[in-house]
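Accompanying notes for the structure given below.
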Amino acid sequence: MTRPSWTPGERLTGRDPEPDLPPDAPVVGVLALQGDVLEHLRALRRSGARAVEVRTADDLAALDGLVVPGGESTTIGRLLERFELLAPIRARIAAGLPTFGTCAGMILLSDELDQDRPQPLIGGLAVRTRRNAYGRQLDSFDTRIEVAGIDGGPVDVAFIRAPRVEKVLDDDAVEVLAEVDGFPVVVRQGHLLAAAFHPEVTGDDRLHATFVAMVRAARGDA
Amino acid sequence: MTEQTPATGQQHTGTTRVKRGLADMLKGGVIMDVVTPEQARIAEEAGAVAVMALERVPADIRRDGGVARMSDPDMIDAIIEAVSIPVMAKVRIGHFVEAQVIQTLGVDYIDESEVLTPADETHHIDKWRFDVPFVCGATNLGEALRRLGEGAAMIRSKGEAGTGNVVEATRHMRQITGEIRRLASMDEAELFNAAKLLQAPVELVREVAETGRLPVVLFTAGGIATPADAAMMMQLGADGVFVGSGIFKSGNPEQRARAIVEATTHFQDPQVIAKVSRGLGEAMVGIEIDTLPPEQKYADRGW
């Protein structure tokens, strides 16, 4: 009798059927140091990408695109620094790797933060972002917002201790795709996309589909 | 839980989705007990995803005895002021007024905790009545599902807090995940009986059976003292780790806090766990669970 297979760390992640992906599906990594990695993996798979976890610099090699998930930006930043991932990720992004950040991910992709205490950032997006811009958890909210370039009506999203862009630092480079209360909450700068909220927890996958299309375009797919 | 989708531009606070959602954002992270603003800053610097503000860590509650209650609001305010990460605070089981008070302070999560002395020996707090989310302890699946039925938005296995002994955390994680796996193999008729035996709402039992997981995040707690303890809990299926007395009752809290954070991230990589386990100094002194008198077993509190 053979032992049933068991992988250390095999998670109770439910019974996700592995979707039928086209053979040419792009490979999109989700930075898996901390945060809601699983929700992004699922949303990416539903959007036609081969989604993989990224924990080390070696994991970056195979990627066509990268997602920096929601989580605690101070924690993810410090782990990026301690495990020497900041430089390799910055290099891949500078070389054109399409990257999508949500909530903590948007904070980490920002060039500047509106706070005195420094924390490690990946950078790349010419914006100044304010953490916890709407207040504490009691101020977290569900809403629906119109996002430029996304058809089919307003997108269903959750703002959880969310940041927002306080100032766009380069108006020529940064496109504002959505605002709430007059502040940008979805921005795009070339191959970088960032959202202040969590499209990954709502089941409304249109922003992920937009990002997967960006990844395909960057790869040169027709 | 029939919550309406907001109209475009409308903002709905206190929804189940944002309550459960915050716990999702804590996954893969470590939540640390702190008793002063200085400790809170050390925890944040070390990479904690949140801090639990309380007056005494569980090991000291055990030592001191007496009734353990919610913390002084001044002390919670000072910790909220000190850090930018989420702040949690504990209330006694069933003490809904302590919860009302803590909610007004702007705390991000309330822990209805067996570590404090229970205020009600029959009822837990009706957590649906609050906008702030709650985390509750559980030793088995039935207990977890009863807490979800009452409105908890996050579950942690109880373990035995303040002992520095991981054996109860192991027992509770194996119990909960094992029961989930068994449910997942049952047919419809068996699920009704399972709900009866679990003393849990049948809708929740069916949901767990269908999805193969709890509908909320499952952390682990109670006795985690080393990086290897944290990684073992993660390998057993925890989404993240609470560390109570284990950090600030040890010889070198800064370094141990960092090491536990790093081991939780790389829980599948024994080389990383080995590296961060070197030269950590003294771990907290542990307690053999069998030597605890029954009234000091916190995990038995909760109904």
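Order-wise, the sequence lines are chains A and B. Anchor point for the first sequence: position 200 equals 199 in numbering that gives the first Met the number 0, and the numbering is continuous, going up by one each time. Anchor point for the second sequence: position 126 equals 125 in numbering that gives the first Met the number 0, and the numbering is continuous, going up by one each time. Don't be surprised by glycine CBs; every beta carbon is placed ideally from N, CA and C.
Asked: Can you list, in chain order, the residues of its chain whose CB lies under 8 Å from that of A/A93, leaving out five sequence neighbours each side?; Found: G123
Asked: With DSSP as the reference, label B/M153 as helix, strand or coil.; Found: strand
Asked: For B/V17, count neighbouring Cβ atoms within 10 angstroms of its own Cβ and tell me buried if that reaches 16, exposed if not.; Found: buried
Asked: Going by alpha carbons, who is nearest to B/G65 out of B/Q270, B/F95, B/V114?; Found: B/V114
Asked: I need the DSSP call for B/K296, collapsed to helix, strand or coil.; Found: coil
Asked: Using a 10 Å radius around the Cβ and a threshold of 16 neighbouring Cβ atoms, would you call B/T121 buried or exposed?; Found: exposed
Asked: Buried or exposed: where does B/S184 fall if 16 or more other Cβ atoms within 10 Å of its Cβ makes it buried?; Found: exposed
Asked: Any beta carbon of chain A sitting closer than 8 Å to that of B/M0?; Found: The predicted model places B/M0 with a pLDDT of 47, which falls under 50 and marks its position as unreliable, so this point remains unresolved.
Asked: If we define contact as Cβ-Cβ less than 8 Å, is B/R16 a contact residue for chain A?; Found: yes
Asked: Between the alpha carbons of A/V211 and B/D63, how many angstroms are there, rounded?; Found: 57 Å
Asked: Kindly indicate the opening and closing residues of the beta strand (DSSP E) around A/P183.; Found: 182-188
Asked: Compare the C-alpha of B/M24 against each of A/G219, A/H190, A/I159 and name the closest.; Found: A/I159
Asked: Buried or exposed: which applies to B/T7, given that a residue is buried once 16 or more other Cβ atoms fall within 10 Å of its Cβ?; Found: exposed
Asked: Can you give me, in chain order, the residues of the segment 191-218 of chain A that have a beta carbon less than 7 Å from any beta carbon in chain B?; Found: H197, V200
Asked: Ordered along the chain, which non-local residues of its own chain (more than five positions away) have a Cβ less than 7 Å from that of B/R212?; Found: I179
Asked: Under 8 Å between the Cβ atoms of A/D138 and B/T12?; Found: yes
Asked: So A/M213 is in the alpha helix (DSSP H); what residue range does that whole segment cover?; Found: 205-218
Asked: Give the secondary structure of B/Q233 by DSSP, where H, G and I count as helix, E and B as strand, and everything else as coil.; Found: Looking at the sequence provided, one finds Met at residue 233 of chain B rather than Gln. Looking at B/M233 - three-state DSSP - the assignment turns out to be helix.
Asked: Please name the residue, chosen from B/P57, B/A39, B/V56, that lies closest to B/V50 on a Cα-to-Cα basis.; Found: B/A39
Asked: Since B/F133 contacts B/E111 with CB under 8 Å, what's their CB separation in whole angstroms?; Found: 6 Å
Asked: When you compare the CB of B/L182 with every CB in chain A, is at least one pair closer than 8 Å?; Found: no
Asked: With a threshold of 16 other CB atoms inside 10 Å of the CB of A/D238, please say whether the residue is buried or exposed.; Found: An answer regarding residue 238 of chain A cannot be provided, because it is not within the stretch 0 to 221 covered by chain A.
Asked: Do B/P226 and B/A258 have their C-beta atoms closer together than 8 Å?; Found: yes
Asked: With 16 other CB atoms within 10 Å as the buried threshold, where does B/G245 fall?; Found: buried
Asked: With a CB to CB cut of under 7 Å and the five nearest residues on each side skipped, what residues in its chain are close to A/T12?; Found: No answer about A/T12 holds up, because its pLDDT of 45 lies below 50 and its placement is not dependable.
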